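**Q** Before we start, here is the structure in question, set down as structure tokens.
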Amino acid sequence: MASNAQKYDITVFIPTYFGEDYLDDLLKMVFKQQIDKTYEVLIYDTSSTDKTPKIIKKYAKKHANLRYKTITKEEYGHGKTRAAAAHDAKGDIVVYLSQDATPAHKYWLYEMTKPFELSDRIIGVMGKQDPRPTTFPLLKREIMGVFNGFGPDFGTTLFYKDSFIKKQETYDKVAFYSDVNSAARRSYLTGELPYQDVPYAEDQLFGRDVINAGYMKAYASRGNVLHSNEFKLREYKMRMFDETMGLRRVGIDVPLPTISQITKMVIIGWIRDTLFTLRDKQYSRKRKLFYLVLNVFYNIEKWRGVRRAVLTKLDDHTAIDKYSLEHVEAKSKS
1 MASNAQKYDI
11 TVFIPTYFGE
21 DYLDDLLKMV
31 FKQQIDKTYE
41 VLIYDTSSTD
51 KTPKIIKKYA
61 KKHANLRYKT
71 ITKEEYGHGK
81 TRAAAAHDAK
91 GDIVVYLSQD
101 ATPAHKYWLY
111 EMTKPFELSD
121 RIIGVMGKQD
131 PRPTTFPLLK
141 REIMGVFNGF
151 GPDFGTTLFY
161 KDSFIKKQET
171 YDKVAFYSDV
181 NSAARRSYLT
191 GELPYQDVPY
201 AEDQLFGRDV
211 INAGYMKAYA
221 SRGNVLHSNE
231 FKLREYKMRM
241 FDETMGLRRV
251 GIDVPLPTIS
261 QITKMVIIGW
271 IRDTLFTLRD
281 KQYSRKRKLF
291 YLVLNVFYNI
301 EKWRGVRRAV
311 LTKLDDHTAI
321 DKYSLEHVEA
331 KSKS
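The sequence shown lines up with residues 1 to 334 when you count with the UniProt record's numbering.
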């Protein structure tokens, strides 16, 4: 444990909950970072009963700049936990990292924090996410498409609000933010622009708050991590339900897709995923055959989840608990 008087340039915050799958590799890479600034690692574990606490303690014994504490499920919230970590942090910059987002190289932390030196107006930085090699085609293709759209891999891109933004679609892209791999100035997180206490989509709200306040956010393509999830078909539908409900809960409108629209999007998605599968060199022959069969069903389940979420009333907690992957997983781990 670090001394209470110790100050750092950077705090890397990692919230954990049954994170044994990737946490060891993640922490190994975090402590390999090459940077001429001081940093600490702060972990809040939500009462995990798998190997997560053991992994955390192993690294805490090796590294004096790792602090951790255990919180209850009742204490945890996507927004409020990140806000609490900002107040607890001893660094001027707080870097947020999900428990399954593994830094891709030893200069990740340098790249994530370098943009703050460019301008005092830059409040938040979003890093690139690269899908893991075996991720199913629909998700793998979407992750690559989303982040490739924010800028080239060889530089940093800045986003801000001005008269150029005339359409909601443009604003949504400019304000887009993900705290799977992100960084922000602690002074703003604990002051003018705190994370809001919302159950989901806290990062999207933060991105909008930054842009609406007249500040800038940066996209650090070279601060990349490996991050993606393996979902079973039923799980993917429920995940899309969670994501869509999360957006609706914070006031972001999601239009109801009609059956004909869904049919069209499923067919287009299936064709794209089939071509993507055949061309992808990271898939083994066996995995390619597996995905060629399941691609169409992943596309169907995606839009079933979105449509169900749009049709569900925001105060229908019985339905939300039934269709929410996050709720089902939390219940199974309790």
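All residues carry an ideal CB built from backbone N, CA and C; glycine is no exception.
Remember, it's a predicted structure, so these values are computed and weren't measured experimentally.
Spatial neighbours of Ala83 within its chain, please: CB distance less than 6 Å, with the 5 preceding and 5 following residues excluded, ordered by chain position.
**A** Pro194, Tyr195
**Q** Do the CB positions of Met265 and Ala309 come within less than 8 Å of each other?
**A** no
**Q** Only counting the same chain, and skipping five residues up and downstream in sequence, which positions put a Cβ closer than 8 Å to that of Gly151?
**A** Thr157, Tyr219, Ser221
**Q** I need the boundaries of the alpha helix (DSSP H) containing Tyr188, first residue and last residue.
**A** 186-189
**Q** What three-state label does DSSP hand residue 336 in the structure shown?
**A** Since the displayed the chain opens at 1 and closes at 334, residue 336 lies outside it and no answer follows.
**Q** For Asp197 versus Gly79, is the C-beta distance shorter than 8 Å?
**A** yes
**Q** In the DSSP assignment, the alpha helix (DSSP H) including Lys302 goes from what residue to what residue?
**A** Boundaries of the alpha helix (DSSP H) harbouring Lys302: 285-311, taken from the DSSP string.
**Q** Taking the straight line between their C-alpha atoms, what separation do you get for Glu74 and Ile271?
**A** Computed Cα separation, rounded: 44 Å.
**Q** Keeping to the same chain, check which residues put their C-beta closer than 6 Å to that of Lys161; ignore five residues upstream and five downstream.
**A** Ile211
**Q** Give the secondary structure of Asn65 by DSSP, where H, G and I count as helix, E and B as strand, and everything else as coil.
**A** coil
**Q** Quick one: what does DSSP say Thr274 is sitting in, helix, strand or coil?
**A** helix
**Q** What does the alpha-carbon distance come out to for the pair Leu226 and Pro131?
**A** Distance between the alpha carbons of Leu226 and Pro131: 6 Å.
**Q** How is Arg222 classed by DSSP in three states: helix, strand or coil?
**A** strand
**Q** Can you have a look at Arg208 and say buried or exposed, based on whether 16 or more other CB atoms are within 10 angstroms of its CB?
**A** buried
**Q** How many angstroms separate the CA atom of Ala319 from the CA atom of Thr312?
**A** The alpha-carbon atoms of Ala319 and Thr312 are separated by roughly 7 Å.
**Q** In this structure, does DSSP put Ile262 in helix, strand or coil?
**A** In the structure shown, Ile262 sits in a helix (DSSP, three-state: H, G or I).
**Q** Measuring CB atoms only, is the segment 184-191 touching the segment 86-101, in the sense that at least three cross pairs come out at less than 8 Å?
**A** yes
**Q** Does Gly145 come out as helix, strand or coil in the three-state DSSP assignment?
**A** Gly145 falls in the helix class under three-state DSSP.
**Q** In the structure shown, what three-state DSSP assignment does Thr72 receive?
**A** coil
**Q** Answer with buried or exposed for Glu40, where buried requires no fewer than 16 other C-beta atoms within 10 angstroms of its C-beta.
**A** buried
**Q** Between Leu205, Asp100, Leu139, Met216, which lies nearest to Tyr291 when the distance is taken from Cα to Cα?
**A** Leu139
**Q** I believe Gln129 touches Val180 by the beta-carbon criterion, under 8 Å. Please report the beta-carbon distance rounded to the nearest angstrom.
**A** 6 Å
**Q** Report the three-state DSSP secondary structure of Tyr160 (helix, strand or coil).
**A** coil
**Q** According to the neighbour-count rule (16 or more other Cβ atoms, all chains shown, within 10 Å of its Cβ), is Ala85 buried or exposed?
**A** buried
**Q** Considering only their Cβ atoms, is the gap separating Asp100 from Asp45 smaller than 8 Å?
**A** no
**Q** Taking 8 Å as the threshold (C-beta atoms), are Ile300 and residue 347 in contact?
**A** With the chain running from 1 to 334 in the structure shown, residue 347 is simply not present.
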